[in-house]
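Trainee:
Residue numbers (the numbering used here): 1 to 164.
Structure, rendered in structure tokens:
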């Protein structure tokens, strides 16, 4: 299922918010997986692939184009290798949504990835999730290591299975 095929049955207010901003450049898709969803994200750089993976995760929960960039949140994560770094990066973003902030980004930018120390720093622009304002998709319960891949041969791309 391509990124733009998810139907949220938007209200007129949600369509109006969407129309206020330029469309997002989505470089991700959802791949079917038994009882879960596999995110496949890519970019011109590994940083962009990680950004798109976060946006794919949030795009499964709501139409991120209905989110307004009114607040800023920073997320940092670290791991012991690149796969654990990706896992913890996504998990930290999911925590920003699941914990008391309920933050949902419209856009995420990776500021840097330290491939030697396995650290990442990012910033997101968005707002607090609100059911009247944002269409409800499917809740993401957890990130998994199952079949996780980071490929950099041709274009950087990542594959992550999320528990829904």
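Cβ atoms here follow ideal geometry from the backbone N, Cα and C, with glycine treated the same way.
Going by C-alpha distance, which of 152, 144 and 34 is nearest residue 214?
Mentor: Residue numbering for the chain in the displayed model covers 1 to 164; residue 214 lies beyond these limits and cannot be assessed.
Trainee: With residue 80 and residue 118 assumed to form a contact (beta carbons below 8 Å), what rounded beta-carbon distance in angstroms separates them?
Mentor: On the chain shown, residue 80 is found 80 positions in, with the first residue counted as 1. On the chain shown, residue 118 is found 118 positions in, with the first residue counted as 1. 6 Å between Cβ atoms; contact.
Trainee: Starting from the C-beta of residue 91, find all residues in its chain whose C-beta is less than 7 Å away, skip the five residues before and the five after it, and write them out in chain order.
Mentor: Translated into the one-based positions of the chain shown, residue 91 becomes position 91. Same-chain partners within the cutoff: 143.
Trainee: Can you grab the Cα-Cα spacing for the pair residue 99 / residue 127, in whole Å?
Mentor: For the purposes of this step, residue 99 is taken as the residue at position 99 of the chain shown. For the purposes of this step, residue 127 is taken as the residue at position 127 of the chain shown. Taking the straight line joining both Cα atoms gives about 14 Å.
Trainee: Using only CA atoms, which one of 12, 38, 65 and 52 lies nearest to residue 23?
Mentor: Along the chain shown, one-based indexing puts residue 23 at 23. Among 12, 38, 65 and 52, the Cα nearest to that of residue 23 belongs to 65.
Trainee: If you draw a straight line from the C-alpha of residue 108 to the C-alpha of residue 31, how long is it?
Mentor: The sequence position of residue 108 within the chain shown is 108, counting from 1. The sequence position of residue 31 within the chain shown is 31, counting from 1. Whole-angstrom Cα-Cα distance: 22 Å.
Trainee: In or out: residue 151 buried (at least 16 other Cβ within 10 Å) or exposed?
Mentor: Mapped onto the chain shown, residue 151 falls at position 151. Under this definition residue 151 is an exposed residue.
Trainee: So, helix, strand or coil for residue 108, using DSSP?
Mentor: Locating residue 108 in the chain shown gives position 108, counting from the first residue. Note: residue 108 maps to strand in three-state DSSP.
Trainee: State the Cα-Cα distance for the pair residue 82 and residue 12, rounded to the nearest angstrom.
Mentor: Taking the chain shown and counting its residues from 1, the one referred to as residue 82 is at position 82. Taking the chain shown and counting its residues from 1, the one referred to as residue 12 is at position 12. Near 42 Å, if we compare the C-alpha coordinates of residue 12 and residue 82.
Trainee: Please classify residue 102: is it buried, with 16 or more other beta-carbons within 10 angstroms of its beta-carbon, or exposed?
Mentor: Stepping through the chain shown from its first residue, residue 102 is reached at position 102. Exposed, by the Cβ-count rule.
Trainee: Can you tell me which of the three DSSP states residue 147 falls into?
Mentor: To locate residue 147, count along the chain shown from 1; it is residue 147. Coil.
Trainee: Quickly, what does DSSP pair residue 134 with across the bridge? List them, please.
Mentor: Locating residue 134 in the chain shown gives position 134, where the first residue counts as 1. Partner(s): none; residue 134 has no beta bridge.
Trainee: Could you tell me which residues DSSP puts in a beta bridge with residue 119?
Mentor: Translated into positions along the chain shown, residue 119 becomes position 119. According to DSSP, which records beta bridges pairwise, residue 119 is partnered with 78 and 114.
Trainee: Taking all protein chains shown into account, do 16 or more other C-beta atoms lie within 10 angstroms of the C-beta of residue 59, making it buried, or fewer, making it exposed?
Mentor: In the chain shown, counting from the first residue as 1, residue 59 sits at position 59. Classification of residue 59: buried, given that the 10 Å Cβ count is 16 or more.
Trainee: Taking 8 Å as the limit between beta carbons, can you name the residues of its chain near residue 165, skipping five residues before and five after?
Mentor: Residue 165 cannot be examined here, being either before or after the span of the chain that is shown, 1 to 164.
Trainee: Have a look at the DSSP bridge pairing and note the partners of residue 44.
Mentor: As a first step, residue 44 must be located in the chain shown, where it is residue number 44. Paired residue(s): none; residue 44 is not in a bridge.
Trainee: Are the CB atoms of residue 48 and residue 121 within a distance shorter than 7 Å?
Mentor: The residue you call residue 121 lines up with position 121 of the chain shown. The residue you call residue 48 lines up with position 48 of the chain shown. Contact: no.
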